[in-house]
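Residue numbers (our numbering): 2 to 491. Beta carbons: idealized from backbone N, C-alpha and C, even for Gly.
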Amino acid sequence: MFPSFSPWLHRSLLAGTALLLAPLGCATSTQSAARDEAILRMDAPPQVKPKWGLVIHGGAGVISRENLSPEREAAMRAVLTQALQAGHAVLAKGGKSLDAVTAAIHVLEDSPYFNAGKGAVFNHDGVNELDAAVMDGKTRAAGAVAGVRHIQNPIDLARLVMEKSPHVMMVGDGAEAFAQSQGMPLVDAKYFYTEERWQGLQRALAEEKAKTAQPATPATPPATPEQQQPVTPGTPAAPPMTPGTQAAPPVAPGTQAAPPATPGKQAAPPAAPGTSATPPVTPGTPAAPPATPGKQSAPPTAPGTQAAPPAKPGTPATPPTTPGTPAAPPAKPGTQAAAPLTPGVDPITGDHKFGTVGAVALDQEGHLAAGTSTGGMTNKRFGRVGDSPIIGAGTYADERCAVSATGHGEFFIRYTVARDICARVEYQDLPLPEAANFVIHDVLVKAGGEGGVIAMDREGHVAMPFNSSGMYRGYIGEDGTPTVAIFQQP
Numbered sequence: 002m003f004p005s006f007s008p009w010l011h012r013s014l015l016a017g018t019a020l021l022l023a024p025l026g027c028a029t030s031t032q033s034a035a036r037d038e039a040i041l042r043m044d045a046p047p048q049v050k051p052k053w054g055l056v057i058h059g060g061a062g063v064i065s066r067e068n069l070s071p072e073r074e075a076a077m078r079a080v081l082t083q084a085l086q087a088g089h090a091v092l093a094k095g096g097k098s099l100d101a102v103t104a105a106i107h108v109l110e111d112s113p114y115f116n117a118g119k120g121a122v123f124n125h126d127g128v129n130e131l132d133a134a135v136m137d138g139k140t141r142a143a144g145a146v147a148g149v150r151h152i153q154n155p156i157d158l159a160r161l162v163m164e165k166s167p168h169v170m171m172v173g174d175g176a177e178a179f180a181q182s183q184g185m186p187l188v189d190a191k192y193f194y195t196e197e198r199w200q201g202l203q204r205a206l207a208e209e210k211a212k213t214a215q216p217a218t219p220a221t222p223p224a225t226p227e228q229q230q231p232v233t234p235g236t237p238a239a240p241p242m243t244p245g246t247q248a249a250p251p252v253a254p255g256t257q258a259a260p261p262a263t264p265g266k267q268a269a270p271p272a273a274p275g276t277s278a279t280p281p282v283t284p285g286t287p288a289a290p291p292a293t294p295g296k297q298s299a300p301p302t303a304p305g306t307q308a309a310p311p312a313k314p315g316t317p318a319t320p321p322t323t324p325g326t327p328a329a330p331p332a333k334p335g336t337q338a339a340a341p342l343t344p345g346v347d348p349i350t351g352d353h354k355f356g357t358v359g360a361v362a363l364d365q366e367g368h369l370a371a372g373t374s375t376g377g378m379t380n381k382r383f384g385r386v387g388d389s390p391i392i393g394a395g396t397y398a399d400e401r402c403a404v405s406a407t408g409h410g411e412f413f414i415r416y417t418v419a420r421d422i423c424a425r426v427e428y429q430d431l432p433l434p435e436a437a438n439f440v441i442h443d444v445l446v447k448a449g450g451e452g453g454v455i456a457m458d459r460e461g462h463v464a465m466p467f468n469s470s471g472m473y474r475g476y477i478g479e480d481g482t483p484t485v486a487i488f489q490q491p
């Protein structure tokens with residue numbers, strides 16, 4: 002179904018072929034890009050294995066040439082190249098694979114083009130929440146952080162967790178408190194703000210609102226004091242009748258005279274948006290409903306005015322600036338829990354993309370390491386955490402194999418993708434490319450998961466399979482020649 006390939010990357014592969022061109026930048030940008038795309042699609046086995054090297058990725062998804070302008074493509078290739086060179090500089094001096102991974106990810110986290118660090122996307126409340134993980138293959142020591150909001154380079158904090166604490170994962174405020182205890186400064190939330198990412202959130206909110214068939218609900222609950230429910234059965238009728246449990250209590254639901262009489266006056270209608278079936282039973286007065294819908298659920302729905310939503314964004318730096326379309330929060334009370342789990346659209350290119358950055362490296366001593374960093378999904382909510390900081394799912398390294406993943410995180414978590422690849426190398430003695438290809442093109446595809454991985458083994462073999470139309474990726478070996486690719490086809 003998908004082309005199988007094993008990009009064994011080394012210049013010896015290309016000896017005697019027309020692909021042996023000058024390093025990136027020496028030829029025209031178009032020629033360089035075409036050459037690199039072709040190289041990273043090579044499927045021939047290597048004659049000489051590279052002794053050490055580095056592989057990186059910047060996210061996978063439906064990435065099309067049509068939506069990626071030549072200028073932005075060139076800029077993104079330049080950043081990927083810079084990241085490869087930063088990691089190579091460490092390895093060339095005999096540095097550790099862990100240091101090379103960190104150095105490469107730093108470059109990607111500091112770029113607004115990738116969904117990590119500076120370029121992180123906004124969650125539903127207009128806040129940037131960052132996740133990262135790192136793992137040392139030699140010792141299997143690992144560190145991870147999730148949901149941090151004021152850490153400039155999350156990969157550094159993940160490494161601090163690994164090296165300076167007895168734990169593997171820390172989240173939110175606790176992780177940031179630990180960072181401060183270790184002398185790591187916190188940055189203002191404004192640091193992560195980029196207009197393109199913010200506009201991406203606004204589009205996602207508008208799109209979500211249009212899909213929910215509840216755009217009118219913010220206005221109807223206040224305007225439907227029981228009497229108008231029959232008049233507007235479209236949306237208002239659903240809320241009062243949705244409570245399911247409220248239909249039975251008023252044994253005579255015919256007209257909703259009974260419901261209003263039961264919950265007080267207009268308690269039932271406001272309390273009924275979404276799943277307030279049980280709350281209305283207890284709230285004698287309308288005061289109870291706001292308290293019951295949880296924490297953030299009631300403010301957006303009950304107030305009618307969207308004053309509450311703007312107050313939610315943890316960092317008032319960006320959200321208040323543009324409460325954007327707070328209509329989306331009120332629109333969420335129904336059954337929109339699944340919406341955030343559906344990957345959105347890349348705020349910059351308009352492509353369907355899973356934003357993550359990662360790196361895996363093999364140093365001169367033969368030790369492997371892996372790291373991954375992400376801003377998660379645009380418009381995510383409820384403290385959602387993906388696979389990037391989950392050891393074994395989006396990040397994994399042992400003495401044989403190192404993997405960093407990018408894709409729809411829920412699938413990578415359920416199928417422990419990173420560990421599964423390395424387990425096949427360890428227990429089935431499969432070549433790394435074969436193991437990686439099988440998991441990405443067979444296991445994930447059958448499960449409905451989309452994305453890809455970068456992987457490297459202790460012999461220097463490299464794999465970069467992905468089942469989407471593109472993945473930002475790159476490789477650099479001992480010779481110091483960076484090779485970058487984006488699309489599935491050259």
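>> Under 8 Å, with one C-beta from each stretch per pair, do the stretch 50-65 and the stretch 471-478 reach the 3-pair mark?
In response: Yes, the stretch 50-65 touches the stretch 471-478.
> Cα-Cα, which of 490, 166 and 120 is closest to residue 191?
Replying inline: Of the candidates 490, 166 and 120, the one whose C-alpha sits nearest the C-alpha of residue 191 is 120.
> Hey, is the stretch 378-388 in contact with the stretch 123-134, meaning 3+ C-beta pairs nearer than 8 Å?
Replying inline: yes
> Rounded to whole angstroms, how far is the Cβ of residue 109 from the Cβ of residue 454, which I believe are closer than 8 Å?
Replying inline: The Cβ separation is near 16 Å, so there is no contact.
> Between the stretch 397-407 and the stretch 458-469, do three or more beta carbon pairs fall short of 8 Å?
Replying inline: yes
>> I believe residue 450 touches residue 416 by the beta-carbon criterion, under 8 Å. Please report the beta-carbon distance rounded to the nearest angstrom.
In response: 7 Å
> residue 143 and residue 169 look like a contact to me (Cβ under 8 Å); what is the Cβ gap, rounded to whole Å?
Replying inline: 5 Å
> By DSSP, does residue 488 sit in helix, in strand, or in coil?
Replying inline: strand
> Roughly how many angstroms lie between the CA atoms of residue 390 and residue 369, to the nearest whole one?
Replying inline: 18 Å
>> Please give me, in chain order, every unbroken run of the alpha helix (DSSP H) with length at least 4 that falls completely inside the stretch 57-117.
In response: 71-93 and 98-110
> Are there three or more Cβ pairs, one per stretch, closer than 8 Å when the stretch 178-196 is compared with the stretch 145-163?
Replying inline: These segments touch.
>> Cutting at 6 Å between CB atoms, please list the residues of its own chain near residue 486, excluding the five before and the five after it.
In response: Closer than 6 Å at the Cβ level, and outside the excluded window around residue 486, lie 37, 38, 41 and 474.
>> I need the boundaries of the alpha helix (DSSP H) containing residue 194, first residue and last residue.
In response: Element bounds for residue 194: n/a, residue is neither H nor E.
> Taking the alpha-carbon positions, what's the residue 165 to residue 179 distance?
Replying inline: If I take the Cα positions, the gap works out to 10 Å.
> Would the beta-carbon of residue 146 fall within 8 Å of that of residue 176?
Replying inline: yes
>> Classify residue 476: buried if its beta carbon has 16 or more other beta carbons within 10 angstroms, exposed otherwise.
In response: buried
> Using DSSP with H/G/I as helix, E/B as strand and the rest coil, what is residue 163?
Replying inline: helix
> Are residue 102 and residue 418 close, meaning C-beta to C-beta below 8 Å?
Replying inline: no
> Per DSSP, what kind of secondary structure is residue 474 in: helix, strand or coil?
Replying inline: DSSP places residue 474 in strand when its eight states are reduced to three.
> Which residue's Cα is closest to the Cα of residue 482: 199, 88, 65 and 76?
Replying inline: 88
>> Assuming residue 463 and residue 56 are in contact, meaning their beta carbons sit under 8 Å apart, how far apart are those beta carbons, in whole angstroms?
In response: Right, the Cβ-Cβ distance comes to about 6 Å (below 8 Å), so this counts as a contact.
> Helix or strand or just coil, what does DSSP make of residue 154?
Replying inline: coil
> What's the gap between the Cα of residue 53 and the Cα of residue 434?
Replying inline: Here the C-alpha atom of residue 53 lies approximately 17 Å from the C-alpha atom of residue 434.
> Enumerated in chain order, which unbroken segments of the beta strand (DSSP E) with a length of 3 residues or greater are wholly contained in the stretch 361-433?
Replying inline: You should have 369-375, 396-398 and 402-408.
> Who are the near neighbours of residue 91 in its chain, counting only those whose CB is closer than 7 Å to its CB and skipping five residues on each side?
Replying inline: 100, 101 and 104
> In whole angstroms, what separates the C-alpha of residue 86 from that of residue 411?
Replying inline: Looking at the two C-alpha atoms, the distance is approximately 32 Å.
>> Excluding the 5 residues flanking residue 424 on each side, which residues of the same chain have their C-beta closer than 7 Å to its C-beta?
In response: none
>> According to DSSP, simplified to helix, strand and coil, what is residue 461?
In response: coil
> Based on Cα-Cα distance, which residue from 66, 430 and 114 lies nearest to residue 84?
Replying inline: Shortest Cα-Cα distance from residue 84 to any of 66, 430 and 114 involves 114.
> Identify the residues that DSSP records as bridge partners of residue 185: which are they?
Replying inline: Partner(s): none; residue 185 has no beta bridge.
> Taking all protein chains shown into account, do 16 or more other C-beta atoms lie within 10 angstroms of the C-beta of residue 196, making it buried, or fewer, making it exposed?
Replying inline: exposed
>> Let me confirm a value: residue 194 is counted as buried when at least 16 other C-beta atoms fall within 10 Å, else exposed. Which label applies?
In response: buried
>> Less than 8 Å between the beta carbons of residue 436 and residue 397, yes or no?
In response: no
> Just to confirm, are residue 478 and residue 467 a CB contact at a threshold of 8 Å?
Replying inline: no
> Which of the three DSSP states, helix, strand or coil, is assigned to residue 338?
Replying inline: Confidence in residue 338 is poor, its pLDDT being 34 and thus under 50, which makes the residue's placement unreliable; the coordinate value appears in the next sentence. Coil.
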